Each structure stands twice: as C-alpha cells, then as structure tokens.
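For reference, the structure is listed below as structure tokens.
Number of protein chains: 4
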Amino acid sequence: MGINPSMRRTWLAHNTGHALDASAHTAFAAEDVRTNIENLVGAVEVPLGIAGPLRVNGTHANGSFYVPFATTEGTLVSTYQYGMRAISEAGGANAYVLGDALDVTPCFILAETRDAIALADWLGVHLAELQAVAAESTAHGRLVDVRPHVFGRRVFAQCVFSTGDAMGMNMVNLAADRICRHVVAAMPCERYYLRCNYSSDKKPAAINLFRLYGKEVAIDLTMPGEVVRTHLGISPRELVDFGATGRLGSMQAGALGTNAHFANGLAAIFIACGQDVAQIVNASIGFLDLELVGDDDLYVAARLPNLVIATVGGGTALPTQRECLALLECVGDGTARRFAEIVGAALVAGELAICAALADGRFIEAHRLNRLHA
Amino acid sequence: MGINPSMRRTWLAHNTGHALDASAHTAFAAEDVRTNIENLVGAVEVPLGIAGPLRVNGTHANGSFYVPFATTEGTLVSTYQYGMRAISEAGGANAYVLGDALDVTPCFILAETRDAIALADWLGVHLAELQAVAAESTAHGRLVDVRPHVFGRRVFAQCVFSTGDAMGMNMVNLAADRICRHVVAAMPCERYYLRCNYSSDKKPAAINLFRLYGKEVAIDLTMPGEVVRTHLGISPRELVDFGATGRLGSMQAGALGTNAHFANGLAAIFIACGQDVAQIVNASIGFLDLELVGDDDLYVAARLPNLVIATVGGGTALPTQRECLALLECVGDGTARRFAEIVGAALVAGELAICAALADGRFIEAHRLNRLHA
Amino acid sequence: MGINPSMRRTWLAHNTGHALDASAHTAFAAEDVRTNIENLVGAVEVPLGIAGPLRVNGTHANGSFYVPFATTEGTLVSTYQYGMRAISEAGGANAYVLGDALDVTPCFILAETRDAIALADWLGVHLAELQAVAAESTAHGRLVDVRPHVFGRRVFAQCVFSTGDAMGMNMVNLAADRICRHVVAAMPCERYYLRCNYSSDKKPAAINLFRLYGKEVAIDLTMPGEVVRTHLGISPRELVDFGATGRLGSMQAGALGTNAHFANGLAAIFIACGQDVAQIVNASIGFLDLELVGDDDLYVAARLPNLVIATVGGGTALPTQRECLALLECVGDGTARRFAEIVGAALVAGELAICAALADGRFIEAHRLNRLHA
Amino acid sequence: MGINPSMRRTWLAHNTGHALDASAHTAFAAEDVRTNIENLVGAVEVPLGIAGPLRVNGTHANGSFYVPFATTEGTLVSTYQYGMRAISEAGGANAYVLGDALDVTPCFILAETRDAIALADWLGVHLAELQAVAAESTAHGRLVDVRPHVFGRRVFAQCVFSTGDAMGMNMVNLAADRICRHVVAAMPCERYYLRCNYSSDKKPAAINLFRLYGKEVAIDLTMPGEVVRTHLGISPRELVDFGATGRLGSMQAGALGTNAHFANGLAAIFIACGQDVAQIVNASIGFLDLELVGDDDLYVAARLPNLVIATVGGGTALPTQRECLALLECVGDGTARRFAEIVGAALVAGELAICAALADGRFIEAHRLNRLHA
C-alpha cells in the first residue's frame with residue numbers, strides 16, 4: 000500500500016505547478032522496481048540507437064554484435080558505428096578479461112601506530128577466518144585478500160573480493176561489514192568506518208591505475224593499412240602521429256590514463272543496459288595506444304582496468320534494459336565477462352573513429368553531417 | 000524518409016532473434032530526436048524518483064525544490080532525500096556560481112621550439128582578431144582568452160570561452176575550428192589538431208582542479224548541532240571525525256578532489272534532465288569539507304569546479320527530460336546557473352546523508368531498509 | 000695512471016679562465032672515489048650543522064641522536080632543532096620500518112596481447128626459476144615477486160626485491176638484467192627494455208603511494224598539550240587547525256602525499272650521509288597528519304613509503320660522510336633500518352616546527368632571527 | 000661571543016664518542032656562512048666532476064660549457080658526458096627561458112563562502128595597492144598577480160611574483176607576509192596562514208604542471224641520424240621506440256611529467272652550484288619527448304616548468320660553489336637565465352645518454368665499465 004507514483008505526480012503537480020505526464024508511462028510495474036528506486040514517479044525516456052555489427056574475437060564474446068547506446072548526444076552512435084565497421088573489416092577486435100575483483104576498504108582507528116601494526120598483522124594471520132565470515136553473508140562473492148595499509152593509528156584494510164555476474168557492490172559492502180564486526184569483536188579498536196574513500200568507488204583516483212576494479216579488460220587488433228585508409232579515411236602513420244600528440248596532451252593535463260572519449264560509449268551503453276551509471280567515473284580511466292607495426296599496419300591496444308558491470312541485479316532486469324542485454328546475449332548468470340569484452344571492443348571502435356576524425360580535420364564536418372542526415 | 004525505428008527493430012529481430020518491444024515506446028517522435036541520436040530504435044526507460052523539498056539560498060536558485068533522479072540503484076533517492084531534509088531544516092544551502100567557461104585546446108605543430116614560441120607570441124598579440132573570428136561562428140559563446148602552452152615544437156593553445164545556457168561543446172568546437180583555420184592561414188604550421196586531450200573533456204585529469212570547466216559552483220551552510228543530531232542522527236563532532244578519515248583515504252588513494260559520491264547524484268540528475276551524461280566524469284571531481292565551528296555547529300562546504308550542464312540543447316527538449324527541468328523551473332534561456340546551484344546543493348545533501356550513515360555504522364542498515372520499504 | 004684531478008683543473012683553467020682552487024681540497028684520495036664519480040676535479044664543500052638531541056623510540060633506533068644536516072639554506076637546521084626539542088620533551092618519537100623493498104620493471108614487447116598474457120602467465124609459473132637466476136647475481140638482494148602488468152603487446156614486469164643495507168639500485172638492475180636475458184631466451188619476445196619508467200625511480204609518480212620503495216617508515220607520537228604549548232609555542236588545537244588547512248591546500252594542488260617540507264630535511268641529511276640525493280624526489284612523497292586526541296593532546300603521525308637509503312655503498316664510505324653516519328651509529332651492515340627510523344623522526348621534527356611557525360604567524364620572524372643569531 | 004664549530008665538535012665527540020675530524024676542514028670561515036646554516040660544525044665534501052663541453056645555443060647562454068656535478072653516484076658524470084658529446088656534435092641544444100615567476104599562497108579564513116567571495120573580489124580590485132605593499136619589502140621581486148581560489152570559507156590567494164637572479168623564496172615570503180597583514184587590516188578575517196601547501200614548494204603536486212615556478216625552460220634540437228648512430232650508438236628509430244614505451248610506463252605509473260632521470264643531473268648540479276637542493280623535487284617534474292622527423296632525424300624536446308635556481312644568495316657565494324658557477328660564467332646579477340638554459344641543456348644530455356643505453360641493452364655494461372675505468 001502506501002503512496003503510489005500517480006499520487007506522487009498529483010502531489011508534485013499541486014506543489015510545483017508542473018505535471019509529469021510524459022514521464023508517467025513505464026514499461027515496468029511500480030512493484031517491480033521497489034529495489035531500484037524510491038519515491039518513484041515514472042520514467043525518463045532516453046533515446047536508444049544501435050551500432051554494429053561489431054566483430055569481437057573474445058574468450059567469452061565471439062561473434063558479431065549490435066550494441067545498444069542510450070544517449071541524447073548527436074553523432075555519438077554514428078561515431079561508434081563508423082569505428083565498428085573498420086574493426087569488423089579488419090577481422091574483429093581481440094578481447095580478454097584479465098581479471099575480476101572488487102574491493103572495499105574499511106578503516107580501523109586505534110590508539111597509536113603500534114596497535115595499528117598489530118591489527119594489520121592480525122589481519123594477515125586471520126585471513127582464512129575472515130574468508131569464512133565473508134562467506135556467511137554471500138554465496139557469490141569470495142574474499143580473496145585483505146591488504147592492510149597502516150597510516151598513523153589507522154589501518155586501511157583493503158578487502159578484495161571476487162564477484163560473479165552481479166556488479167557486487169552491495170554484496171561486498173555487506174561482507175565487509177560482517178568482517179568489521181568480527182574484527183572489532185576480536186581486537187581492541189577505538190572505532191571503525193566501513194568505507195573511507197580509499198577504494199575510490201565512483202571517484203577518480205590514481206589507485207584505479209594500480210588495482211583492477213570490476214573487470215579488467217584488454218582489447219587489441221592489428222588493422223591492415225588498406226583497411227585503415229578505406230574505413231577510417233586516413234593512413235596508419237597519420238593516425239599514430241595524432242595519437243602521439245594526444246598522449247602528450249594527456250600527460251600535460253595530468254590525466255589518469257589516456258583515451259579520447261571512453262566515457263561517451265560507457266555512459267550510453269551503461270544507460271541502455273541497466274548498469275550503475277556513476278561507475279563510468281572509474282571505468283573511463285583507461286589507456287588507448289596506437290602503434291605503427293610492420294610496413295604499414297596499425298596496432299591498436301586498450302587497457303580498461305575498472306569496468307564495473309553486471310548482467311544480473313541493479314537495472315538489468317527492467318524491461319527495456321533487459322532487451323538491450325538480450326541483444327548481446329548477455330542476460331543472466333555467466334554472461335558478465337562476455338558483456339565486458341563487448342563493451343571494451345565497442346569503446347575501441349569509438350576511439351578509432353574520433354581519432355581519425357581529429358587527425359584529418361573531419362571532426363567538425365562529421366558532427367555537422369550527423370546533424371543533418373541522422 | 001529512409002529507414003525508421005520500426006524497420007530497424009524488425010531488421011534487428013531478424014538478425015539477432017531479439018525483439019525490442021518494450022523499447023519501442025517513445026514519448027518523442029523520431030524526427031524530434033534527429034539531432035540527438037542516430038540509428039534510432041526506441042527508448043530506454045530509466046525509473047524516475049523525486050527527492051525534496053531542498054531549500055536552496057542561491058543567487059539564481061532561491062526557494063525549495065523537488066529534484067528528479069533517474070536511476071536503477073536502490074537507496075540512492077532516499078539517501079539524497081535524507082540529506083535534503085537536514086539541509087532544509089537548517090535553513091537551506093547557500094549556492095554560488097563562481098564562474099562559467101569552457102575550453103578547447105587545439106595543438107599546432109611547427110618545425111621547432113623557436114617557431115612554437117613565435118606562434119604563441121602571435122596568439123597573444125592577436126587575441127582581438129581571434130575573438131572576432133570566433134564571434135562569426137557563434138552568437139552565444141565568446142572567446143575570453145587564448146593561453147598557449149609550448150612544449151617542443153607544439154603549441155597547445157587553450158581557447159577559453161564563456162558560454163550561456165547551452166552546454167556549449169559543439170559551439171566551442173566550431174569556434175575553435177574557425178580559429179585554427181585562421182591561424183594556419185596566417186602563420187606557417189606543419190599541421191594542427193582541433194583537440195588533443197589537453198582540455199580533458201570527459202576524462203579525469205589534474206587540470207580539472209585548476210581551471211573551471213562549465214560552471215564552478217560553491218555550496219556552503221552552517222548546520223546547528225541540534226539539527227545535525229536530529230536529522231542526521233549523529234553529532235557534528237562525529238561527522239567531522241569521519242570526514243577527516245575520509246580525506247586521509249582520498250589522499251592515500253591519490254584522488255582528484257575528495258568527496259563521498261558526487262557521481263551518484265550527478266548521474267541520476269543528468270539522466271533525468273537530459274544532460275550529457277559522460278560529463279559526470281569531470282563533474283564528479285570536486286571537494287567536500289566538514290568543519291566544526293562555534294561550540295557545536297557543523298560547517299559544510301563544497302567546491303564543484305567542473306559542472307558542465309545545460310538547460311537548452313542536447314537532451315533538454317525531450318518530453319520526459321523537459322518535465323524534469325520544468326520541475327526545477329529550469330526550462331530555457333537564463334536558467335543554467337539556477338540549475339547549477341540546485342545540482343550543487345543536491346550533491347551536498349547526498350554527501351551529508353552518506354557520511355552520516357558511514358560515520359555511525361548505519362550504512363548497511365540504511366541500504367537494507369530501503370530495499371524493504373521503498 | 001691517466002689524467003688526475005690536478006691535470007683536469009689545469010686544463011679547465013686553461014679552457015675557461017677559471018681556477019678551481021677551493022675545490023681542490025679533498026679529504027679523500029682520488030682512487031678512493033673511482034666508483035663514485037668520473038672526471039674528478041675535487042670536491043664541493045657543503046656546510047654541516049647538527050641538530051639534536053632527538054629522542055627516538057624505534058625498533059632499531061633507540062636513544063637520543065645528534066642528526067647531521069649539510070645545507071646552505073639558513074634556518075633549516077634551527078627549524079629541525081626546534082622540533083627535535085619538542086619531540087624529545089614529549090618522550091620521543093616512535094619509529095617503525097614497515098617494510099623494505101626495491102623494484103625495477105623491465106618491459107617485454109611481443110606481437111600482440113595474446114602473447115603478452117602468455118608471457119605474464121609464464122612469469123607467474125616460473126617465479127622460483129627467476130629467483131634462482133636473480134640469486135646468481137647478488138648475495139644480498141632477493142627477488143621477492145614478479146608482478147606482470149599487461150598493456151597491449153607489452154608486459155611491464157615489476158620485479159620486486161628485498162635489499163639489505165645497501166641502497167640496492169645497482170644490485171637490482173643487475174639482477175633484473177639477468178632475469179630479462181633468461182626470459183627472452185625461454186620465450187619468444189620482439190624486444191625488451193630493462194627499465195621503462197614504470198618503477199618511477201627518482202621521478203614523482205602516483206605509484207609511490209601504492210608500493211613501498213626502499214624503506215617504508217612510520218613515525219608517531221602523542222605530545223601532551225603542555226609540551227606543545229611550551230615547546231612549540233602554540234596550542235594543540237591551533238596546530239591541528241593549521242594542519243586541516245594544509246591538507247586542503249595539498250588536495251587543491253593535486254599533491255602526491257601531504258607534508259610541509261619533508262624534502263628539506265631529506266636533502267640535508269642525504270648530502271651529509273652520502274646518500275643518493277636524487278632519491279629525495281621519491282622519498283619526499285609522504286604523509287603527515289595532526290590530530291587532537293584526549294582533552295588537549297596532539298597526535299602526530301607520518302608515513303614515509305619511499306625512503307631509499309643505505310649505510311653501505313654509494314657515498315657512505317667517504318670520510319666526511321662516514322663521520323656523519325658514525326654520529327648516528329649507522330656505519331656498515333645491519334644499520335640501514337636504524338638510519339631509516341632516525342631520518343623519519345627527524346623529518347617529523349621539521350614538520351612540527353614549521354607548522355607551528357606558520358600556524359601562529361612566526362614564520363617570517365623565525366627566519367629573520369636565525370639570520371641574525373645563528 | 001658564542002659557541003664556535005670547534006667547540007661544537009668537541010662537545011659532540013664527548014657526547015657521542017665520534018670525532019668529526021675530516022669534516023672540520025672548511026674553505027669558508029664560520030662567519031661567512033652565518034646566514035647559510037646554524038649549529039655549524041664543519042663541512043661535508045661531495046666529490047666534484049666535470050662534464051663537457053656542452054654546446055648550448057640559448058638566448059642567454061651561447062657557447063660551450065663545462066658543467067660541474069657534485070655526486071657520489073658512479074656513472075652519473077660519464078652518462079651526462081656521453082650525451083653532451085652527442086648534442087655538441089649535432090650543433091648544440093637550443094635553449095629558451097619561457098618565463099620566470101614564483102608564487103606563495105596565503106590562506107585567509109572567513110566566516111562563510113559569501114565572505115570568501117567578497118575577499119576574493121576585493122583582492123582583484125586592489126591589486127595595485129597590494130603591489131605597492133609588496134614593493135616596500137623588496138626591490139628585486141615584483142607582485143605580478145594575485146589569483147584567489149575560493150573553497151568554502153577559505154580564500155587561497157596565490158600571490159605570483161617575478162624574481163631576478165636570486166632564488167627569491169625568502170623575498171616572496173616576506174612580501175606575502177606584508178600583503179597578508181595589509182589584507183587583514185582592511186578586511187574582516189578570522190585568521191590567516193602565510194603558506195598552506197597550495198604552492199607546493201618542494202613538494203610534488205599536479206599544480207607544477209600548470210604554472211611555472213622559478214624558470215620555465217624549453218630545450219630542443221634536431222639530431223641528424225648519423226650523429227645519433229655515431230655518438231649514441233643507436234638509430235633514431237630505435238631511440239624513438241624506446242621513448243614511446245617509456246611514456247607508456249610513465250602514464251601507467253601515474254607520473255607527473257615524463258623523463259628518465261632529470262633528478263640525477265639536477266641533484267648533482269644543484270649541490271655543485273650552491274642551489275637549494277630540496278628544489279629538485281619540483282624541478283624534476285618535466286617532460287622529455289623524442290620524435291622521428293624527416294627521413295632519419297631525431298627531434299628532442301624538453302619542458303622544465305619548475306626550475307627554481309639562483310646565481311646570487313643561498314649557497315652561491317661559498318668558495319667551492321662560487322667556483323662552479325664561475326666555470327659557467329654565472330656569477331652574480333644577470334646570470335640566472337643563463338644558468339637555467341645551461342642546466343636545461345645538461346639535463347637533456349643525460350636523457351639522451353640513458354635512453355640510448357636502455358634502448359639497446361647497454362645500461363648494465365655502461366655502469367660496469369664506468370666502475371672499472373673512471
């Protein structure tokens with residue numbers, strides 16, 4: 000019972016003078032999104048476009064894919080489309096999931112450094128015990144390691160978990176909370192906090208360069224010079240030259256990672272596929288490199304160390320989002336790594352397209368044309 | 000004419016075996032989103048919740064607001080709701096737009112440093128001329144400054160624009176392109192690129208700490224100890240203590256800025272209000288500080304130097320998105336700074352709520368309860 | 000035989016018109032510094048001052064120490080002296096060496112990511128074999144771990160060593176070179192580089208926050224309010240308030256770590272004690288925190304994760320440098336950790352003194368007085 | 000009259016059992032270093048070697064130079080020597096001082112953001128007045144700008160000065176202190192601090208990428224392929240390939256800037272020439288880039304934005320240090336920019352040599368040989 004979306008809309012209209020008529024339509028029932036949102040009034044519609052086919056030669060994703068993008072930014076879908084064609088013509092992008100983890104870092108506060116060191120040592124010795132505690136709260140996640148960092152009277156205890164196809168944040172928070180309660184029952188501790196910014200969830204930080212968070216995905220491909228010229232409209236050498244200047248730009252700007260616009264593709268795919276969209280902050284920290292190999296070929300490589308994604312839980316079960324995941328055959332258990340590989344390959348497509356446009360001065364023209372002909 | 004969304008859906012279903020039935024519904028007409036997306040097939044529905052009222056005492060936003068959040072992450076809306084209540088009970092959050100700018104940095108490549116210095120000097124002398132060139136391509140933006148950075152034979156020419164209520168990215172790209180063409184016609188130059196990562200659009204970089212990008216927003220308020228205890232369930236001292244540990248966590252993690260979860264509120268409001276969602280990467284780089292003042296009061300301050308937002312253009316005119324902006328009285332010209340102040344105040348609400356939950360160990364409980372009662 | 004310093008001075012005087020008369024004096028014989036320098040012409044004299052006694056309660060350094068500083072910067076020694084007195088009056092600084100390691104990261108370049116992953120896997124499986132290879136080249140260092148990072152067709156293979164009392168850089172370079180030759184003999188590899196900037200030796204990088212390099216030292220002490228007032232001329236609360244603003248300053252500036260002037264003490268002690276002075280770049284990346292505890296006490300904590308030091312090798316055997324190390328009872332094998340603890344405690348003394356001076360506005364006066372009375 | 004160095008040595012020997020006999024020798028008189036050091040006991044001798052000639056084609060430094068290095072690290076001088084020969088054979092390195100400034104950032108703390116904005120505005124309006132205040136305390140420095148940054152109730156007021164041949168730190172501290180006193184007399188202010196870490200003096204921070212600190216120096220040269228092969232023992236292409244991997248290493252490590260070992264040359268030259276050695280922390284943040292140009296030539300460029308140096312004041316007047324500066328014709332007024340250009344060119348020599356050694360696997364061999372034959 001209680002207040003329903005319609006009542007809330009009425010009440011809002013009364014208070015603000017603004018009706019939410021268009022937003023009232025939902026393909027989902029209010030009770031189906033109880034765990035997704037509070038104070039529900041309806042839904043926002045984000046335009047959905049498809050780019051592809053994109054050929055991916057991954058361990059988990061093998062085939063040609065039509066990738067859904069939910070966006071309101073013109074030229075975005077066509078940019079990815081353009082790059083996907085070039086990748087597919089080159090035989091596809093290789094994709095690998097290098098690892099899979101999620102960490103949360105509680106902070107324990109003690110009297111002085113001596114005690115903090117003692118607690119850190121205790122954590123090292125009692126890993127198996129803590130793993131058992133974590134296992135009580137989740138069947139899917141597994142506590143892999145606890146890495147204590149001592150600063151003054153504080154122990155920042157980085158608890159590293161493996162997760163399955165769920166994004167895993169709630170799971171690891173819950174398990175870490177159990178671990179904390181167990182620790183403070185066993186060891187004297189002035190106070191503790193479950194999280195303290197060290198794991199930098201949804202926050203850009205250098206730590207994201209040094210530990211994987213979510214899936215770490217590697218993508219590469221070698222694109223023959225002829226394909227580059229025909230499908231990206233530029234020579235490999237010109238593209239590599241642009242890449243070198245782009246890296247200098249990134250370094251001068253003090254960037255975390257270097258890429259042209261991972262964030263664009265991430266935002267659009269994450270919205271389409273029911274992901275936790277704020278995770279694009281971490282996920283967009285990654286590296287793209289372009290190299291000339293052989294006589295005239297382009298070697299492209301990407302490293303995405305922070306791809307926090309899921310194919311179950313969160314918004315993945317909502318009607319429109321589920322359709323998008325279905326398009327990629329990424330519905331349900333056992334598909335998260337597949338999804339990660341497709342996302343990685345799609346991001347590389349977007350990089351190639353925008354770099355080619357910037358390298359030969361077509362960037363503005365490309366934007367203008369999409370405006371007119373899309 | 001040409002292919003319409005329905006035909007694309009049919010064709011996709013044929014190719015993939017997956018229909019996009021739920022996604023077919025759109026409150027907008029295909030022709031209305033021609034400049035927003037390509038390869039349109041429908042729309043994704045993101046659940047919409049409302050938090051508020053939030054009392055804002057800004058220069059542009061003055062009053063109580065109901066803030067729309069589009070998200071699939073449970074507890075998010077209720078977290079912001081909780082903080083908004085506390086802020087409102089304390090009399091509201093002060094909000095200021097400290098500045099407003101957007102830059103794009105073309106890179107000119109010459110023969111050697113001597114020539115790069117000469118070009119940099121030329122740019123300094125010819126600012127008025129370049130401003131005139133920029134003015135030809137846009138009536139809304141204005142070239143404020145060109146700041147050349149010489150590295151080797153390259154000039155990274157940071158072109159700083161003021162923008163109005165549009166987000167302005169297309170505008171400044173276009174104006175910068177004109178500037179580039181003008182420069183290379185006047186001065187010898189081996190080649191140039193319109194963008195080269197230096198301005199770090201949608202990419203986390205240290206530069207975001209040092210120049211404003213979009214709107215720079217400042218928020219502060221002093222919350223009486225009694226309000227903190229009653230509405231955040233904790234004492235000011237305990238909250239400040241947590242904040243100190245959070246700052247240590249951020250610094251140990253090498254974070255750009257320090258905050259708990261700006262990104263969550265940004266993602267949800269940006270989706271609801273038709274913003275360029277990838278801009279949350281930059282926008283989430285900001286600072287939140289908690290201080291004990293007087294006998295028992297909490298002083299809260301936020302600095303958001305990279306709020307790239309708009310109330311015209313992009314997705315702001317789509318039916319559901321426009322309704323969300325209307326709720327905030329932020330439709331159309333002259334409302335961007337108002338929108339910026341509301342967003343800033345909402346983010347601070349989210350910070351207070353999550354910090355309070357983490358500081359007294361209610362974080363997990365809060366998440367659990369929202370699950371059950373939302 | 001060959002050219003001696005005197006001949007070089009004569010030749011230089013002939014070529015430049017400038018004699019090096021003062022520099023001609025050396026307490027060392029030319030043949031004694033054959034491995035320390037090339038093209039020897041004499042020595043530069045750096046004024047040497049002593050600060051202390053400094054009470055250190057460490058695991059390895061336990062007692063009161065007179066610390067040598069070689070510097071030409073007025074006020075530096077007296078600043079450290081001032082802080083040392085306060086620490087000693089408070090009963091001394093606790094000191095801990097949390098760990099001890101040094102890494103060098105060769106880069107192996109292969110054909111594509113698939114091969115890079117294979118090499119990374121191979122490295123993981125063959126650790127014992129690589130440890131044996133490393134052991135052939137050094138008796139003092141030990142290969143602890145090899146951590147491969149794959150990016151595109153490259154493997155950045157972080158080889159982590161434990162070192163003894165030598166600084167260890169030559170040792171680990173030599174061992175890593177052997178490892179590289181062993182790897183490329185066993186696995187196909189296009190080419191490799193012994194070093195590639197990843198280990199950031201003598202270069203400021205975020206990696207220095209996340210892995211210890213040299214000795215990781217922790218210092219802490221609780222200073223009674225009365226001692227703070229009497230010996231630092233300020234209240235604990237005022238000092239902590241200054242510290243909070245200093246942290247905000249560091250964060251706004253995008254600093255790696257946060258401290259006031261670790262680099263000053265490091266430079267002066269490193270010159271005095273024959274250390275590799277360029278290592279202050281890494282060593283100065285560290286954290287200082289001030290906290291109010293109990294009713295009126297000051298808790299001080301420092302984390303120095305990158306203290307690359309030695310008590311044998313390098314310049315430690317030169318006559319004047321050896322005297323400085325002797326003063327600390329840090330000559331020869333088994334004393335490096337002791338030296339690390341003393342350096343750490345000395346740096347904290349410098350922090351307390353300068354923070355106190357800045358917090359109550361005595362900074363300029365302190366500088367002026369030292370000028371007159373030193 | 001006070002304690003003299005001899006008395007201090009006697010007293011130390013009594014207390015510690017260690018005599019400072021070798022350190023007792025000084026080419027300077029105790030009264031001559033009154034402003035350089037306190038608690039003087041003697042001097043530390045750092046071995047001095049010379050590398051050169053180095054051909055520099057600068058605006059201020061034009062000619063061939065013999066550069067002094069004070070170090071105890073074997074191979075260092077010969078490494079720079081090797082690179083200097085290659086540069087000189089290529090016709091020399093171009094050198095430019097792009098700018099000259101030093102800043103100190105006081106922090107003013109007010110009641111709330113509203114007041115902080117008011118103070119920031121006041122500072123903008125009263126620049127001329129503040130310049131007059133600064134002018135009273137120094138004839139050499141000039142207040143160029145005050146850039147206020149508001150965060151919460153704090154104004155971080157970056158006071159930018161131009162300095163002459165002195166390093167200028169004491170000068171700008173003194174002037175900033177006068178400015179602070181003037182400001183707080185004119186405007187209500189809860190408290191202020193003269194420095195608050197924002198200017199990151201001697202501390203590695205991202206701000207060092209964005210504003211020049213001391214001298215900003217640019218170096219470049221084009222080295223014909225034949226010279227590269229003959230004098231660096233490698234082809235331009237191989238060197239450029241190594242550079243590309245080095246940049247990837249720097250970016251993966253989250254480095255501020257990218258170079259191989261600026262810090263080594265800086266430390267050795269700074270000690271030799273009486274500089275403030277701790278300034279190598281900032282000065283080592285810089286960029287080195289290698290590019291293939293034309294058919295087979297190597298283009299080398301360096302950007303050193305933080306070269307805090309001096310040719311008067313500090314340790315520059317000490318006997319041995321003055322001889323080193325004299326060797327470069329950098330004694331006294333009007334020579335600081337000349338010195339900066341020479342230092343910049345010397346650092347590039349060191350980069351070329353070490354990159355060549357790493358690129359073709361001679362690194363270990365080079366170190367071994369210098370050991371035996373130096």
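Chains as they are written, first to last, in numbering that gives the first Met the number 0: chain Y, 0 to 373; chain B, 0 to 373; chain X, 0 to 373; chain E, 0 to 373.
Each residue gets a CB set at the ideal place from its N, CA and C atoms; glycine is no exception.
Note that the structure is a prediction, hence the values are computed from the model and not measured.
Restricting to Cα atoms, I'd like to know which of the options is closest to residue i.
| i | options | result |
| --- | --- | --- |
| B:I341 | B:A301, B:A23, B:A175, B:A358 | B:A301 |
| Y:E37 | Y:F150, Y:R7, Y:V55, Y:V103 | Y:R7 |
| Y:A28 | Y:G360, Y:K214, Y:S5 | Y:S5 |
With respect to the alpha helix (DSSP H) encompassing residue i, which residues constitute its N-terminal and C-terminal limits?
| i | result |
| --- | --- |
| E:M83 | 75-88 |
| E:A4 | Note on identity: in this sequence residue 4 of chain E is Pro, with Ala being the wrong assignment. Note, E:P4: alpha helix (DSSP H), 4-15. |
| E:G163 | Note, E:G163: premise wrong, no alpha helix (DSSP H); not H, not E. |
With a CB to CB cut of under 8 Å and the five nearest residues on each side skipped, what residues in its chain are close to residue i?
| i | result |
| --- | --- |
| E:G51 | S63, F64, Y65, V66, Q80, M83 |
| Y:R370 | Note that Y:R370 scores 43 on pLDDT, short of 50, meaning its location in the model is unreliable and no value can be drawn from it. |
Taking the straight line between their C-alpha atoms, what separation do you get for residue i and residue j?
| i | j | result |
| --- | --- | --- |
| E:L173 | E:V32 | 21 Å |
| E:V154 | E:S198 | 13 Å |
| X:G16 | X:A42 | 19 Å |
| X:W10 | E:T9 | 40 Å |
| E:T305 | E:N281 | Looking at the sequence provided, one finds Asn at residue 305 of chain E rather than Thr. Those two C-alpha atoms are separated by around 6 Å. |
| Y:N378 | B:M166 | Limits of chain Y in this structure are 0 at one end and 373 at the other, which puts residue 378 of chain Y out of reach. |
| Y:A271 | Y:A115 | 45 Å |
| X:A348 | X:A217 | 14 Å |
| B:A205 | B:A316 | 33 Å |
| B:C106 | B:E128 | 19 Å |
| Y:Q274 | X:G273 | 56 Å |
Which chain C residues sit within Cβ distance under 7 Å of residue i?
| i | result |
| --- | --- |
| E:A300 | No chain C is present in this structure, whose protein chains are Y, B, X and E. |
Starting from the C-beta of residue i, find all residues in its chain whose C-beta is less than 7 Å away, skip the five residues before and the five after it, and write them out in chain order.
| i | result |
| --- | --- |
| Y:M170 | T137, H139, G140, T162 |
| Y:S22 | V40, G41, A42, V43 |
| Y:A356 | F362, A365 |
| X:E111 | R152 |
Taking the beta strand (DSSP E) that residue i belongs to, which residues open and close that run?
| i | result |
| --- | --- |
| Y:F209 | Here Y:F209 belongs to no beta strand (DSSP E), and DSSP marks it neither H nor E. |
| X:P46 | 39-57 |
| B:M222 | 213-222 |
| B:A26 | Counting along the chain, B:A26 falls outside any beta strand (DSSP E), and DSSP gives it neither H nor E. |
| B:P235 | Looking at the DSSP string, B:P235 is not in any beta strand (DSSP E); the run it does join, the alpha helix (DSSP H), is 235-251. |
Quick one: what's got a C-beta closer than 6 Å to residue i's C-beta in the same chain, skipping five residues either side?
| i | result |
| --- | --- |
| E:P147 | A119, L122, V154, A156 |
| B:E322 | none |
| E:H125 | none |
### Query
Looking at C-beta atoms only, is the number of pairs between the region 221-229 of chain X and the region 189-208 of chain X that lie closer than 8 Å three or more?
Between the region 221-229 of chain X and the region 189-208 of chain X there are fewer than three inter-stretch CB-CB distances shorter than 8 Å, so the stretches are not counted as touching.
#### Entry: contact_flag[the region 290-300 of chain B, the region 236-245 of chain B] where n(CB pairs < 8 Å) is 3 or more
Segments in contact, yes.
### Query
Between the region 275-294 of chain E and the region 286-294 of chain X, do three or more beta carbon pairs fall short of 8 Å?
No, the region 275-294 of chain E is not in contact with the region 286-294 of chain X.
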